[in-house]
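Residue numbers 9 to 273, in the numbering used here, belong to the letters of the sequence shown in order.
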Amino acid sequence: MSRLKDAFRDSKREKRAAFVPYCTAGDPSLERSVEIVRALARAGADVIEIGVPFSDPIADGPTNQRAAERALAAGTTLSGVLAAVEVVRQDLEIPIVLFTYANPVLRYGIEDFAEDAAAAGVDGVLFTDVPAEEMAPFESHIGAAGLDLIMLVTPTSTRQRMKAAARFGGGFLYLVSRTGVTGVRQDLDAGLADNIRMARKVSRLPVAVGFGISTAEQVARVAEKADGVVVGSALVSRIGAMGDCDELMDEVESFASELAAACKR
């Protein structure tokens, strides 16, 4: 059984949703990103998503775009991200999913990326801009390397498109909470519960919900229905606001602990 399957199995047994925080690799630096991952693990994360910075992040809102810009300005590369994961793996077994656009992986080489990611200790890969119809060449190498391919589905996905995504997917199915880009939102989509039910009908994978979830109250509401809750921009925003200061890790751990506690049903 993979680490991702273990994480969702354990959270279900403990009657809570899995907590899946997100951070951008290289913001404020790769060294600090390693510390951030450790802080998130201490706070109670079940799975950690690490974003690979890209210069044209079309699925991301302003908060994550600025984080990617800062990371790229600091010299962050895909190979550097994989090296950082290797460092994390020296003392942590928490599942790690890379959240990436296709372009950095295509430049790296899909097969080489899959092999190097697996060797570094990555558990899964999520491509934000590759639809199911174009996923086959990615899936073949990702699967051959023993990695889970995490598929995105949206509120506008038809049942047929959800089925197509579920056929490729492993680890968990990532359900976007609402249409639009990533970012902090004040409310949740009224049809979210129906979308979760549809996702469960087409896939046996756990369903994790993300995009726009930013407060403990929102986490608790989503955790009532979903198998996992992803929080990204709210964490990224705090990291960006604080920068590379001594108090950063305490702030990350404190906020993440509050969100993790809200995952309990």
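Don't be surprised by glycine CBs; every beta carbon is placed ideally from N, CA and C.
Under three-state DSSP, which class holds residue i?
i, result
"residue 250", "helix"
"residue 23", "coil"
"residue 118", "helix"
"residue 263", "helix"
"residue 219", "coil"
"residue 28", "strand"
"residue 244", "helix"
"residue 193", "Low confidence applies to residue 193: its pLDDT is 49, below 50, so where it sits in the model is not reliable, and the reading given next is rough at best. Of the three classes helix, strand and coil, the one that applies to residue 193 here is coil, per DSSP."
Between which two residues does the beta strand (DSSP E) containing residue i stretch?
i, result
"residue 180", "Taken as a continuous stretch (DSSP letters only), residue 180 belongs to no beta strand (DSSP E), as it is neither H nor E."
"residue 230", "Where residue 230 is concerned, there is no enclosing beta strand (DSSP E), although the alpha helix (DSSP H) it sits in stretches over 224-231."
"residue 161", "156-161"
"residue 236", "236-239"
"residue 5", "With the chain covering only 9 through 273, there is no way to say anything about residue 5."
"residue 132", "132-135"
Can you tell me where the alpha helix (DSSP H) with residue i in it begins and where it stops?
i, result
"residue 151", "144-152"
"residue 213", "Where residue 213 is concerned, there is no enclosing alpha helix (DSSP H), given that its DSSP letter is neither H nor E."
Considering only their Cβ atoms, is the gap separating residue j from residue i smaller than 7 Å?
i, j, result
"residue 27", "residue 47", "no"
"residue 210", "residue 234", "no"
"residue 242", "residue 29", "no"
"residue 6", "residue 51", "The first residue shown for the chain is 9 and the last is 273, placing residue 6 beyond what the model contains."
"residue 273", "residue 23", "yes"
Would the C-beta of residue i count as close to the ligand SAH, meaning under 6 Å from any of its heavy atoms?
i, result
"residue 111", "Absence of the ligand SAH from the depicted structure is noted, as is the absence of any ligand whatsoever, leaving it without description."
So residue i packs on residue j, CB below 8 Å; how close in whole Å?
i, j, result
"residue 207", "residue 215", "5 Å"
"residue 158", "residue 183", "Residue 158 to residue 183, Cβ: 11 Å. No contact."
"residue 71", "residue 244", "5 Å"
If we require 4 or more residues per run, which alpha helix (DSSP H) segments fall completely within the stretch 37-114? 38-51, 70-81 and 86-96
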